[in-house]
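Step one of this worksheet: look at the structure below.
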Amino acid sequence: MAKKKEPHPPCLLYRSRSDRGKSAIREGKSRNGSTFLNPMHTFFIFFCILLSLSLTDGTEIIIANNCKEGVWPGILGNRGQPSPKDGGFYLGSGEETVVQVPKGWSGRIWGRQGCFFDQQRGKGWCETGDCGGLLQCKGIGGVPPATLVEMTLGTSQSWLHFYDVSLVDGFNLPVSMKAVDGGGSTCGVAACEVNLNVYCPSALVMEKNGKVVACKTPCLAPQFSRTCNPTVFSRVFKTLCPRAYTYAYDDAAALNTCFAPRYVVTFCPPH
Numbered sequence: 056m057a058k059k060k061e062p063h064p065p066c067l068l069y070r071s072r073s074d075r076g077k078s079a080i081r082e083g084k085s086r087n088g089s090t091f092l093n094p095m096h097t098f099f100i101f102f103c104i105l106l107s108l109s110l111t112d113g114t115e116i117i118i119a120n121n122c123k124e125g126v127w128p129g130i131l132g133n134r135g136q137p138s139p140k141d142g143g144f145y146l147g148s149g150e151e152t153v154v155q156v157p158k159g160w161s162g163r164i165w166g167r168q169g170c171f172f173d174q175q176r177g178k179g180w181c182e183t184g185d186c187g188g189l190l191q192c193k194g195i196g197g198v199p200p201a202t203l204v205e206m207t208l209g210t211s212q213s214w215l216h217f218y219d220v221s222l223v224d225g226f227n228l229p230v231s232m233k234a235v236d237g238g239g240s241t242c243g244v245a246a247c248e249v250n251l252n253v254y255c256p257s258a259l260v261m262e263k264n265g266k267v268v269a270c271k272t273p274c275l276a277p278q279f280s281r282t283c284n285p286t287v288f289s290r291v292f293k294t295l296c297p298r299a300y301t302y303a304y305d306d307a308a309a310l311n312t313c314f315a316p317r318y319v320v321t322f323c324p325p326h
């Protein structure tokens with residue numbers, strides 16, 4: 056997932072635009088002579104405090120299951136990053152859980168379906184998104200095809216959060232990621248809200264017991280894997296899921312930037 060060039064953090068930008076050698080916090084005088092802060096400067100002070108607190112405490116990721124059946128989310132931190140919740144857990148229909156990730160965290164979240172696990176040993180298998188037959192993936196990625204939510208979160212030096220939904224490794228579940236609060240109207244929604252399994256061409260279908268459970272990316276299908284360029288299939292998927300990556304380097308429309316203290320990742324989001 057590529058990064059866009061980001062602007063300076065707003066607090067630093069605000070300071071740089073203040074009068075040279077003067078305080079960035081300007082005062083005014085009321086009619087009775089008392090001192091008050093300019094409302095715009097008060098807003099910036101409040102924003103910078105929230106920014107500092109959020110970066111210190113990390114970011115909350117709410118993972119919600121809006122599907123009719125249970126989902127086993129998998130979480131994988133990139134190299135050198137932790138995998139919260141030991142990398143996997145069960146989430147019943149209508150349930151949600153909160154995951155706290157540290158500032159600067161980068162990694163991916165995906166959903167597993169049709170799983171069976173031994174409750175004592177935590178071992179078993181999943182029809183889609185399986186991670187070594189483990190309930191808690193513990194650093195093991197999901198087997199494609201699987202819909203991925205990818206993110207790189209900000210630090211005190213690089214404050215923007217980057218996130219996307221990717222179909223580059225195929226599709227198994229509709230999913231979305233968006234800011235819960237904060238960040239303003241500029242924060243986009245990363246999503247593939249349509250069940251692409253319904254539209255999956257026969258050459259890319261993955262079936263279990265006669266049921267389509269996932270749709271391979273052309274990069275994973277033997278007859279297309281040598282080129283792995285945008286195909287008629289990826290273009291159709293792009294039409295159905297315009298806010299998701301459907302092929303590599305699809306940055307322009309699929310990569311979102313935001314700064315918010317809390318995000319929600321929803322499996323089977325309403326659309």
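Residue numbers (this note's numbering): 56 to 326. We treat Cβ as the ideally placed atom computed from N, Cα and C, and that holds for glycine.
Check	Outcome
Quick one: grab the DSSP three-state call for Thr-111.	Low confidence applies to Thr-111: its pLDDT is 49, below 50, so where it sits in the model is not reliable, and the reading given next is rough at best. Residue state, collapsed to three classes: helix.
In chain order, what residues of the same chain have a beta carbon less than 7 Å from the beta carbon of Asp-224, not counting five sequence neighbours either side?	Pro-199, Pro-200, Ala-201, Leu-203 and Thr-272
According to DSSP, simplified to helix, strand and coil, what is Ser-231?	strand
Are the beta-carbon atoms of Gly-197 and Glu-182 separated by less than 8 Å?	no
If Met-232 sits next to Ala-245, beta carbons under 8 Å apart, how far is it from one beta carbon to the other, in whole angstroms?	5 Å
Could you tell me the boundaries of the beta strand (DSSP E) in which Lys-266 lies?	266-270
Determine the DSSP secondary structure at Tyr-254, reduced to helix, strand or coil.	helix
Is the CB-CB distance between Leu-215 and Phe-314 below 8 Å?	yes
Give a yes or no on whether the C-beta atoms belonging to Ala-309 and Asp-219 are separated by under 8 Å.	yes
Report the rounded CA-to-CA distance for Ile-195 versus Gly-187, giving the unit in angstroms.	7 Å
How should His-326 be labelled, buried or exposed, when 16 other C-beta atoms within 10 angstroms of its C-beta is the threshold for buried?	exposed
Pair every Cβ in the stretch 263-270 with every Cβ in the stretch 142-152, then say whether three or more of these pairs are closer than 8 Å.	no
Can you tell me whether DSSP reads Lys-158 as helix, strand or coil?	coil
Got a sec? Which residues, its chain only, sit under 6 Å from Leu-190 by beta carbon, not counting five neighbours each side?	Gly-143, Phe-172 and Gly-177
In angstroms with no decimal places, state the Cα-to-Cα distance between Pro-297 and Cys-247.	8 Å
Which term fits Gly-166, buried or exposed, when burial requires 16 or more other beta carbons within 10 angstroms of its beta carbon?	buried
Pull up the CB-CB distance for Pro-139 and Val-156, whole angstroms please, since I reckon it's below 8 Å.	6 Å
Determine the DSSP secondary structure at Leu-190, reduced to helix, strand or coil.	coil
Closest to Ala-234 by CA distance: which of Phe-226, Val-249, Thr-312 and Val-287 is it?	Thr-312
Rounded to the nearest angstrom, what separates Leu-222 and Gln-174 at their Cα positions?	31 Å
Expressed to the nearest angstrom, what Euclidean distance is found between the alpha-carbon atoms of Leu-228 and Arg-134?	25 Å
Pull the bridge partners of Glu-205 from the DSSP assignment, please.	Arg-163 and Asp-219
Under the three-state reduction of DSSP, which class applies to Pro-139: helix, strand or coil?	helix
Nearest to Asn-120 by alpha carbon, out of Trp-160, Tyr-254 and Ile-164?	Ile-164
In terms of residues, what are the limits of the beta strand (DSSP E) holding Gly-260?	According to the sequence provided, residue 260 is Val. The question's Gly does not apply to it. Segment 260-263, the beta strand (DSSP E) holding Val-260.
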